[in-house]
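Trainee:
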Amino acid sequence: MKFSVRIILVQAIVFLLGSVVMGYEMLASRYLFPYFGGSIETWGALISTVLAALMFGYSFGGYLVDRRPDLRFCSLLIAFTAIWLYFIPSLSKPLLLFILQTLGDGAVGTISASFMIIFLPLSCLGTLLPFVIRVILTDIDHAGRVAGLSYAISTLGNIFGTLVVTFVLIPQVSVSQVTELLALVSALGAILLYFLRLKR
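Residues in the sequence shown are numbered from 2 upward in steps of one, following our numbering.
(1) With respect to the alpha helix (DSSP H) encompassing G190, which residues constitute its N-terminal and C-terminal limits?
(2) Just to confirm before moving on: does the CB-CB distance between V66 and E26 stay below 8 Å?
(3) Within 10 angstroms of its Cβ, does D71 collect 16 or more other Cβ (buried), or is it exposed?
(4) On the CB-based measure, 16 or more other CB atoms within 10 Å of its CB, does S91 come out buried or exposed?
(5) Taking the alpha-carbon positions, what's the A54 to S113 distance?
(6) State buried or exposed for F37, treating a residue as buried only when at least 16 other CB atoms are found within 10 Å of its CB.
(7) Touching or not, the segment 109 to 127 and the segment 144 to 154, by the rule of three or more beta carbon pairs under 8 Å?
(8) CA-CA distance, L170 and V109?
(9) Where in the segment 144 to 168 do unbroken runs of the alpha helix (DSSP H), each at least 4 residues long, occur, reported from the N-terminal end onward?
(10) Nearest CA to the CA of L193: which residue from A46, L33, S76 and L130?
(11) What residues match up with D106 in a beta bridge as DSSP calls it?
(12) May I have the straight-line CA-CA distance separating R135 from A148, to the nearest angstrom?
(13) Kindly give me the distance between the Cβ atoms of S155 and V15, rounded to whole angstroms, as I take these residues to be in contact under 8 Å.
(14) Out of S177, F161 and I9, which one is the CA nearest neighbour of S20?
(15) Can you give me the start and stop residues for the alpha helix (DSSP H) that I119 sits inside?
(16) Given M23, which residues of its chain have a CB within under 7 Å of its CB, disregarding the five upstream and five downstream residues?
(17) How about I79 and L18: are their beta carbons less than 8 Å apart?
(18) Determine the extent of the alpha helix (DSSP H) in which I134 is found, giving its start and end residues.
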């Protein structure tokens, strides 16, 4: 597996967007807790929703990249994430209040609220890895190495996003400001993916 400047930049984007995934999971707890409490049930709903979103994103991304192996197409999905994150601070209150009043604060309401604010953006982020692996893979003999490295870098980004959002950003700035920062990072990732013009 040969490393070019473009491939290194793609993996840097994988790291950044990986940090958004877990950073937003931690941040989503701050949106849900005032309405559904901070119990283990709420965390269970959050974690399950994140895993469901990534499961769908990986599968859907694999389906899409086999038909259009072009990072510019993936960049549109990442751009959707950026737009979603930008608007969620203003939309979350009426959406969560509606779910609370309609479904209550039990399991159904909590899981529905988690899906409402998490599922779509994280599903879009989940499509990234199948695109990256397909586009940068040049030799089937290195498929395991390419896939393993890509998932490792994404997971490193997950760890970074979790720690920075939890211990640095949330104690210092408002939840809406952190959300807007994650939207900015997602937008940057989308722009870079588009102009890299990597495809198979």
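Here a beta-carbon is modelled for each residue, glycine too, at the ideal position from N, C-alpha and C.
Mentor: Working from what's here:
(1) Counted from its first residue, the sequence shown places residue 190 at position 189. It spans V176 to L197 - the alpha helix (DSSP H) in which G190 sits, taken as one unbroken run.
(2) Start at 1 with the first residue of the sequence shown, and residue 66 comes out as number 65. Start at 1 with the first residue of the sequence shown, and residue 26 comes out as number 25. Contact: no.
(3) Within the sequence shown, numbered from 1, the residue matching residue 71 stands at position 70. With 16 or more other Cβ atoms within 10 Å, it is buried.
(4) For the purposes of this step, residue 91 is taken as residue 90 along the sequence shown, with counting starting at 1. Counting other Cβ atoms within 10 Å of its Cβ, S91 stays below 16 and is therefore classed as exposed.
(5) Translated into the one-based positions of the sequence shown, residue 54 becomes position 53. Translated into the one-based positions of the sequence shown, residue 113 becomes position 112. For A54 and S113, the distance between alpha carbons rounds to 13 Å.
(6) Start at 1 with the first residue of the sequence shown, and residue 37 comes out as number 36. Flag for F37 reads buried.
(7) They do not touch, by the three-pair rule.
(8) Taking the first residue of the sequence shown as 1, we reach residue 170 at position 169. Taking the first residue of the sequence shown as 1, we reach residue 109 at position 108. Taking the straight line from one Cα to the other gives about 30 Å.
(9) 144 to 165
(10) For the purposes of this step, residue 193 is taken as residue 192 along the sequence shown, with counting starting at 1. Among A46, L33, S76 and L130, the Cα nearest to that of L193 belongs to S76.
(11) One-based indexing of the sequence shown puts residue 106 at position 105. Partner(s): none; D106 has no beta bridge.
(12) Reading the sequence shown from its first residue, position 134 is the one you call residue 135. Reading the sequence shown from its first residue, position 147 is the one you call residue 148. Approximately 9 Å between the Cα atoms of the pair.
(13) Position 154 of the sequence shown, counted from the start, is the residue given in the question as residue 155. Position 14 of the sequence shown, counted from the start, is the residue given in the question as residue 15. Contact holds; Cβ gap of about 5 Å.
(14) What you label residue 20 is simply residue 19 of the sequence shown in a count that begins at 1. The shortest C-alpha separation from S20 is found at F161.
(15) Taking the first residue of the sequence shown as position 1, residue 119 is located at position 118. For I119, there is no enclosing alpha helix (DSSP H), as DSSP gives it neither H nor E.
(16) For the purposes of this step, residue 23 is identified with residue 22 of the sequence shown, where counting begins at 1. Contacts found: N159, G162 and T163.
(17) By 1-based counting over the sequence shown, the position of residue 79 is 78. By 1-based counting over the sequence shown, the position of residue 18 is 17. I79 is a Cβ neighbour of L18, given a cutoff of 8 Å.
(18) Numbered from 1 along the sequence shown, position 133 holds the residue referred to as residue 134. Residues L129 to I137.
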